[in-house]
Amino acid sequence: MTDYGSIPLDEPVLDENLQPLLEKDQVHVPAAALDDLLLQRDGYGWDYAIVFPNVPVDQPSGGFAHMMPKLHEALPSLNLPPVPILHEHIQAATDRITSGISAAHETITTGISTGITTVLDVFRMNDVQLSIEDICHRIHKSGLELRLFYSSKDASTHTAPYILCQIRAPLALLKHEADRIDIQRRMNPDALRDAALKGYPESSIAPFPIEDTLGQYKLSPYEFIHMTYTERPDMQALYARDPSGQFFSGTERICLIESLLTNSTGGGAGLDLVKLEASGTIVAAYPLHNRAEKAALTEAWLHRKTWFKQPLDAIVGYFGPKVALYFAFLGHYTSWLVAAGVIGSLIFVLECLNHTVLGGYELLLGAHWLQALVCGFSIFMVLWSTLMLEYWKRFNARLAMQWGTTDFQEEERPRPQFEGTLVPSPITGKPILYFDRKEQRRRMVLSWLVLALLVLLVLLLVSFTFFLRYYMAVSHKEQFAVVLSPNGTAFYYGGMAASIGNVIQIAIMAEIYDRLCMRMTDYENHATESAHEGSFILKSIIFHVVNNFAALFYITFIKSGLSDDTCENGDCLLELRTTLIIVFGTQLVAGNVQEVLLPRLFIWLARCQAHTATDRPVHVVEAEFFLNDYGWRGTFNDYLELVLQFGFTVLFVGAFPATPLFSLLNNVLEIRIDAYRLLTDYRRPTPRRVVDMGAWITVLDVLATLAIATNGYVMVYTSGVFDSIGDTDEEGAYDRLLLFLTFFTLMLFLRYVVYAFMERSYSMEVRAQLKRQAFLSAKIYAREADDVVPEYAHDANYRFEILDGNFYG
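The sequence shown begins at 1 in full-length UniProt numbering and counts up by one.
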């Protein structure tokens, strides 16, 4: 590795193995040739990128103002992006690599080593320490390999607006960092079985084969076992490789590189990437797509022959557990919608065909029979939502076990935007940022008051919309009609116009809220990212639920209780159905159009803003830089869309039984649209480990419980099934209320029974595998001798015996 203390000023830093080559006659080789060489040698290329602003010399700004002249003098002398090296040495290196020559011999004979990518990377000019130099110096000193080059030139100024930096890590550095931060890695089942059969006699561990002779569990004892990574030589063969045969998967390499970039301990670069980006020192920092893995995932995920299934293992291997968990839930939810969609659509067809003549016979079911079917379907959907969510929790627990995230706890990440006063810590005495708690509570109260005002504004707009509906569809309906035939048949469009007005109101208020919500949350000045995101998500859920469902709740609980004369055509159920179809249908269509078109529009605008010229092919790093940033808002928007759709599907299904069918058709398309845009329109998201869906599953549980009240109220008060029970006298009103409360209580009890049964049944399989993991880890990783009583054996709640065919633990 180069000694930076002896670097001559005004000269680029060169790897010592390449210095002799540069003294000879040189030719320029495209960066793609070096990338291919790295792939052949290491099996992987560049995994990460950082983009620096290239501020013009005559218009310096920010922290780069004092260094721009020096930077512009130095970069042209580096001959970037081509890297000078002799063609014959590349060919020789390729031949030797493919022939199995060792890396050490490769370095001696060709001058190409793991330091090849540090050519022209870090530099020092005169006695001025540059911000960009300092960052690159830290990255290089941490052991990472990097390469700098210009972006495409601006069409108007003929200068490159950005400086791009590719980053990768050699395998030895990845192993060292993985050991230092104790990452969890999946183990090779066959290697574990062999280790169990042999035991470790030198550590007083006899062979410990695990066999499920009674066949009580579906999983093999050695499947999906995860252990902490260690560099111990005896453990290396036990860790599983990724599908391409690499020791670390792409997501693991990205996480380890990010750790090396951000950690100041253990030899890391100590860069706060979020803070650097917020201050403008860097423009962006993001993982790079892997062309081969991306192509394989695209083929497995988007091919027309595999539309009915998703390659979850490949998704988690490329995007990480957080993104994969969203698609897993989307697929689970969609598969459950099949039964609900078929049953609901059949009931809707029967409603449409009632009183129609088919083959000379009139189909006559009777209004009460149809209403009874709809009410029965409402009860079915209440149970369906409960079972769907509980089976998801069961599936989620299994996925967490398979992906090794069961015991994961996310570390708190400080927000670089957090403002405070520098004071000594009362715990350690070190200086920390402190923000007065009273002031923060005051800000949070103000923020929630703004939310309350926006919610009140939504309610006022909904009330105004229904005033217009009453005026246009009830009291003055003849003025809002189109005569369709001479016999007097007319189409009354007042109610539909009011519903469209409600849709416009929802869209406008959502846009206003999205602009205000982030400012409100920033104003609260949270110290950590998790607190900031949690506050944002909670306020957003409350607002969007009110904004989307206020009109439907008004028709269900208020308008239907006033008088049928206030409803369109005297039928509140029909008005509820019409409003639901228009609002929900518009949301589905607009959502898909927005997901397809908006990302492409943002990419086009970003490229136009950069004014890039086509004087040379755009490098892949630059092309990905102009893609959209997925970030945490990406999964937030996807989950919010699903939560709102789930609400439309279960809350008012009694008014429109075909709602699950519309959701099913939308989700089949949604899976492909989300997958396509994530693979083509967005930068590769930074892999994040999560255990579950967090607050979103709680929101879905709340909506499923609320569906009991809404469907019960529609059934008892709005549908007309119980019209025989009068509601004009006190006794009739009491009977209806008693019927509603009985339904609500019974459904809540059934939900609890299902929850209790499902929680016990799914935990047995998962807990058994987790206890196998604990046992194998104690023997193989910790080398716990046989005469040592494990800690869990002292706990009376844990038993490894199999009694009466059941596993206890």
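We treat Cβ as the ideally placed atom computed from N, Cα and C, and that holds for glycine.
Segment contact, 8 Å Cβ cut-off, at least three pairs: the stretch 134-148 with the stretch 255-271: yes
Residues near Glu533 in its chain [Cβ-Cβ closer than 7 Å; skip 5 each side]: Stepping through the sequence shown from its first residue, residue 533 is reached at position 533. Closer than 7 Å at the Cβ level, and outside the excluded window around Glu533, lie Trp632.
CB of Phe467 within 8 Å of CB of Leu552, strictly: In the sequence shown, residue 467 corresponds to position 467, counting from 1. In the sequence shown, residue 552 corresponds to position 552, counting from 1. No, the Cβ-Cβ distance between Phe467 and Leu552 is not below 8 Å.
Complete runs of the alpha helix (DSSP H) confined to the stretch 322-403 [at least 4 residues]: 367-403
Start and end residues, alpha helix (DSSP H) containing Thr421: Position 421 of the sequence shown, counted from the start, is the residue given in the question as residue 421. Thr421 -> not in any alpha helix (DSSP H); beta strand (DSSP E) instead, spanning 421-424.
Asn188 in three-state terms, based on DSSP: Residue mapping note: residue 188 aligns to position 188 of the sequence shown, counting from 1. Coil at Asn188, not helix or strand.
The stretch 377-391 contacting the stretch 703-711, beta-carbon criterion three pairs below 8 Å: yes
Buried versus exposed, by CB contacts within 10 Å (16 or more), Asn126: For the purposes of this step, residue 126 is taken as residue 126 along the sequence shown, with counting starting at 1. Note that Asn126 has pLDDT 30, beneath the 50 cutoff, so the model's placement of it is unreliable and no number is given.
Start-to-end residues for the beta strand (DSSP E) that takes in Val51: By one-based count along the sequence shown, residue 51 stands at place 51. It spans 48-53 - the beta strand (DSSP E) in which Val51 sits, taken as one unbroken run.
Assigned secondary structure, Leu468 (DSSP; H/G/I helix, E/B strand, else coil): The residue you call residue 468 lines up with position 468 of the sequence shown. Correct three-state label for Leu468: helix.
Under 8 Å between C-beta atoms of Leu312 and Asn667: The residue given as residue 312 occupies position 312 in the sequence shown. The residue given as residue 667 occupies position 667 in the sequence shown. Between Leu312 and Asn667, the CB-CB gap reaches or exceeds 8 Å.
For Ala785 and Val29, the rounded distance between their alpha carbons: For the purposes of this step, residue 29 is taken as the residue at position 29 of the sequence shown. For the purposes of this step, residue 785 is taken as the residue at position 785 of the sequence shown. With a pLDDT of 48 at Val29, under the threshold of 50, the modelled position of that residue is not reliable, and the figure given next carries that caveat. Distance between the alpha carbons of Val29 and Ala785: 57 Å.
Which of helix, strand or coil DSSP assigns to residue 823: With the chain running from 1 to 809 in the structure shown, residue 823 is simply not present.
Candidates Asp154, Ser204, Thr281: closest to Cys136 by CA position: For this step, residue 136 is matched to residue 136 along the sequence shown. Residue Thr281 is the option with its Cα nearest to Cys136.
Endpoints, the beta strand (DSSP E) within which Arg180 is located: Taking the first residue of the sequence shown as position 1, residue 180 is located at position 180. It is not in any beta strand (DSSP E) - Arg180 instead sits in the alpha helix (DSSP H) that spans 171-181.
Nearest neighbour of Arg253, chosen from Tyr44, Thr635, Ile132, Asp629 [CA to CA]: Numbered from its first residue, the sequence shown carries residue 253 at position 253. The shortest Cα separation from Arg253 among Tyr44, Thr635, Ile132, Asp629 belongs to Tyr44.
Residues bridged to Gln166 [DSSP beta-bridge criterion]: On the sequence shown, residue 166 is found 166 positions in, with the first residue counted as 1. BP columns for Gln166 point to Ala49, Arg147.
Segment contact, 8 Å Cβ cut-off, at least three pairs: the stretch 453-461 with the stretch 539-554: yes
Inter-residue spacing [alpha-carbon to alpha-carbon] between Ile512 and Met496: In the sequence shown, residue 512 corresponds to position 512, counting from 1. In the sequence shown, residue 496 corresponds to position 496, counting from 1. Spanning the two alpha carbons is a distance of roughly 24 Å.
Element boundaries [beta strand (DSSP E), containing Ile432]: The count along the sequence shown starts at 1 and reaches residue 432 at position 432. 431-434 is the span of the beta strand (DSSP E), which, as asked, contains Ile432.
Touch test, the stretch 761-777 against the stretch 398-409, Cβ-Cβ under 8 Å, three pairs minimum: Flag = yes, the stretch 761-777 and the stretch 398-409 touch.
Secondary structure of Ala285, DSSP reduced to three states: The residue labelled residue 285 in the question sits at position 285 within the sequence shown. Residue state, collapsed to three classes: strand.
Buried or exposed by the 16-neighbour rule on C-beta atoms within 10 Å, applied to Ile504: Along the sequence shown, read from residue 1 onward, the residue named residue 504 stands at position 504. Label assigned to Ile504: exposed.
Span of the beta strand (DSSP E) around His226: Counting from 1 along the sequence shown, the entry for residue 226 is found at position 226. Element bounds for His226: 226-228.
Own chain residues within Cβ distance below 6 Å of Gln645, not counting five before or after: What you label residue 645 is simply residue 645 of the sequence shown in a count that begins at 1. Correct list, in chain order: Ser663.
Where Ile558 falls, given that 16 or more other Cβ within 10 Å makes a residue buried: By 1-based counting over the sequence shown, the position of residue 558 is 558. It counts as exposed.
Nonlocal neighbours in the same chain, by C-beta distance under 8 Å from Val714, ignoring five residues either side: To locate residue 714, count along the sequence shown from 1; it is residue 714. The answer, listed in chain order, is Ser378, Thr556, Leu573, Leu576, Phe652, Gly654, Ala655.
CB-CB length for residue 812 against Arg394, believed under 8 Å: The structure shown does not extend to residue 812, since the chain is modelled only from 1 through 809, so no value can be given for it.
Contacting residues, own chain, Cβ-Cβ under 6 Å from Gly317 (five flanking each side not counted): Locating residue 317 in the sequence shown gives position 317, where the first residue counts as 1. Result list for Gly317: Ser249, in chain order.
Within 8 Å, strictly: CB atoms of Trp403 and Pro287: If you number the sequence shown from 1, residue 403 lands on position 403. If you number the sequence shown from 1, residue 287 lands on position 287. Their beta carbons are not under 8 Å apart, which means Trp403 does not touch Pro287 by this criterion.
Asn628 - partner residues in DSSP beta bridges: Residue numbering aside, residue 628 sits at position 628 when the sequence shown is read from its first letter. In the DSSP output, where bridge partners are listed per residue, Asn628 has Tyr682.
Three or more C-beta pairs below 8 Å linking the stretch 673-682 and the stretch 580-588: no
Span separating the alpha-carbon of Met509 from that of Lys779: Against the sequence shown, residue 509 aligns to sequence position 509. Against the sequence shown, residue 779 aligns to sequence position 779. For Met509 and Lys779, the distance between alpha carbons rounds to 59 Å.
CA-to-CA distance, Ala196 to Pro209, given in whole angstroms: Counting from 1 along the sequence shown, the entry for residue 209 is found at position 209. Counting from 1 along the sequence shown, the entry for residue 196 is found at position 196. Cα-Cα distance, rounded: 5 Å.
Cβ-based neighbour list, Thr386, same chain, cut-off 7 Å, excluding 5 preceding and 5 following: For the purposes of this step, residue 386 is taken as the residue at position 386 of the sequence shown. Closer than 7 Å at the Cβ level, and outside the excluded window around Thr386, lie Ala704, Arg751, Val754.
Residues near Lys218 by beta carbon distance below 8 Å, same chain, minus five either side: Within the sequence shown, the letter at position 218 stands for residue 218. Here the set comprises Glu765.
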